[in-house]
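K.L.:
Here it is, the structure in full.
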Amino acid sequence: MALHSKAHATALFDLKSATLSVLALLLKTTDLDALAEALDARYGATPGLFEHEPVCVDLAAVRDDSVPLDAIALVALLRRYGFNPMSARGGSPEQMAAALQAGLAEAPEVGGPRSEPAAPSEVQVQAEFADTVPPDLFDAADAQLAAAAAEAPSAEPAAAAPASTTLIIDKPLRSGQQVYARGGDLIVLAVVSYGAEVIADGNIHVYAPLRGRALAGARGNTEARIFAACMEPQLVSIGGVWRTFESGLPAEVAGKPAQVKLDGEKILFEPLKF
29 MALHSKAHAT ALFDLKSATL SVLALLLKTT DLDALAEALD ARYGATPGLF
79 EHEPVCVDLA AVRDDSVPLD AIALVALLRR YGFNPMSARG GSPEQMAAAL
129 QAGLAEAPEV GGPRSEPAAP SEVQVQAEFA DTVPPDLFDA ADAQLAAAAA
179 EAPSAEPAAA APASTTLIID KPLRSGQQVY ARGGDLIVLA VVSYGAEVIA
229 DGNIHVYAPL RGRALAGARG NTEARIFAAC MEPQLVSIGG VWRTFESGLP
279 AEVAGKPAQV KLDGEKILFE PLKF
């Protein structure tokens with residue numbers, strides 16, 4: 029009977045290793061009041077940006093902080109902004125104990141890149157074969173290699189383009205609707221109405237009026253941009269730096285083709301000329 033129960037249980041599930049992609053929040057302070065102010069300044073205008081987003085709290089930068097970590101309050105704070113704290117890493121023994129008590133798992137430390145083994149030098153190669161190969165054979169081989177190198181055209185190896193994804197929306201977005209292009213660019217071929225929200229980890233292209241909120245570089249990419257055929261947004265954000273327009277847009281871009289980019293901490297608008 030026991031053997032039958034074990035066989036039946038085994039047939040109902042499999043336990044396998046898995047690699048999951050989660051955000052890492054690099055904590056730079058244990059002052060949760062200051063952290064709350066910083067989170068509100070950056071993400072207060074976009075409450076749905078990190079809805080149920082798994083996150084690992086990286087404590088390496090505050091490992092030696094003298095202020096004790098209130099991990100339970102930290103978890104509650106992060107959940108208030110939509111994060112789903114799952115684990116912690118890099119903290120002192122006391123900080124990790126507090127994190128475990130708050131229900132966080134201990135994530136493995138991030139290791140440095142492995143160094144490639146050095147290629148053997150010409151002297152080493154010659155030494156390995158010196159007992160079996162006549163010395164003058166190396167001189168002849170060197171001459172042949174030099175001649176071939178002089179005749180061959182020099183060329184830099186082509187760099188592989190980074191993989192990315194693009195989400196295309198071809199229907200109008202009404203007030204209250206939200207579209208998020210995770211890990212890539214977003215292209216919208218219809219109007220983004222007032223009250224709608226378009227978000228992308230990369231660039232945002234709207235080939236129609238942009239009247240809602242547009243958030244490019246949502247995960248911190250400050251090189252991202254926003255393009256619109258008719259620029260009339262409620263709010264724009266790039267890399268977490270945002271701006272609203274209760275007083276209106278600059279005359280040279282209001283209702284016209286324009287792009288938005290980030291210069292340091294300043295949002296810039298530039299007209300587009302086709």
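In our numbering, each residue's number is its place in the sequence shown (first place is 1) plus 28. We put the CB at the ideal spot given by N, CA and C, even for glycine. All values derive from a computational prediction rather than experimental measurement.
Just reading off the beta strand (DSSP E) that Tyr222 is part of, what are its end residues?
P.N.:
Segment: none, Tyr222 is in no beta strand (DSSP E) and carries neither H nor E.
K.L.:
By the 10 Å Cβ neighbour count, where 16 or more other Cβ atoms means buried, how is Leu54 classified, buried or exposed?
P.N.:
Exposed.
K.L.:
Reducing DSSP to helix, strand and coil, say where Pro82 ends up.
P.N.:
Strand.
K.L.:
Tell me which residue opens and which closes the beta strand (DSSP E) that Val234 is part of.
P.N.:
Ile232 to Leu238 is the span of the beta strand (DSSP E), which, as asked, contains Val234.
K.L.:
How about Pro261 and Val281: are their beta carbons less than 8 angstroms apart?
P.N.:
No, the Cβ-Cβ distance between Pro261 and Val281 is not below 8 angstroms.
K.L.:
Ends of the beta strand (DSSP E) at Asp291?
P.N.:
Residues Ala286 to Asp291.
K.L.:
In the DSSP assignment, what residue or residues form a beta bridge with Asp93?
P.N.:
None; Asp93 has no bridge partner.
K.L.:
Do Ala130 and Gly119 have their beta-carbon atoms positioned less than 8 angstroms apart in this structure?
P.N.:
Taking 8 angstroms as the Cβ cut-off, Gly119 and Ala130 do not qualify as a contacting pair.
K.L.:
Do you know whose CA, among Ala218, Leu238 and Thr250, lies nearest Ile266's CA?
P.N.:
Answer by Cα proximity: Thr250.
K.L.:
Would Asp229 and Gly240 be called neighbours here (beta carbons separated by less than 8 angstroms)?
P.N.:
Result no, Cβ atoms of Asp229 and Gly240 do not sit closer than 8 angstroms.
K.L.:
Let's see if you can read the secondary structure: which residues bound the alpha helix (DSSP H) around Ala99?
P.N.:
Where Ala99 is concerned, the enclosing alpha helix (DSSP H) stretches over Ala99 to Arg108.
K.L.:
I'd like the span of the alpha helix (DSSP H) that includes Ala11, first residue to last.
P.N.:
Residue 11 cannot be examined here, being either before or after the span of the chain that is shown, 29 to 302.
K.L.:
Determine which residues share a DSSP beta bridge with Gly212 and list them.
P.N.:
DSSP, once it has assigned bridges, lists Thr193 as partnering Gly212.
K.L.:
Please name the residue in Glu122, Ala135 and Lys284 whose C-alpha comes closest to that of Asp92.
P.N.:
Ranking the options by Cα distance to Asp92, first place goes to Glu122.
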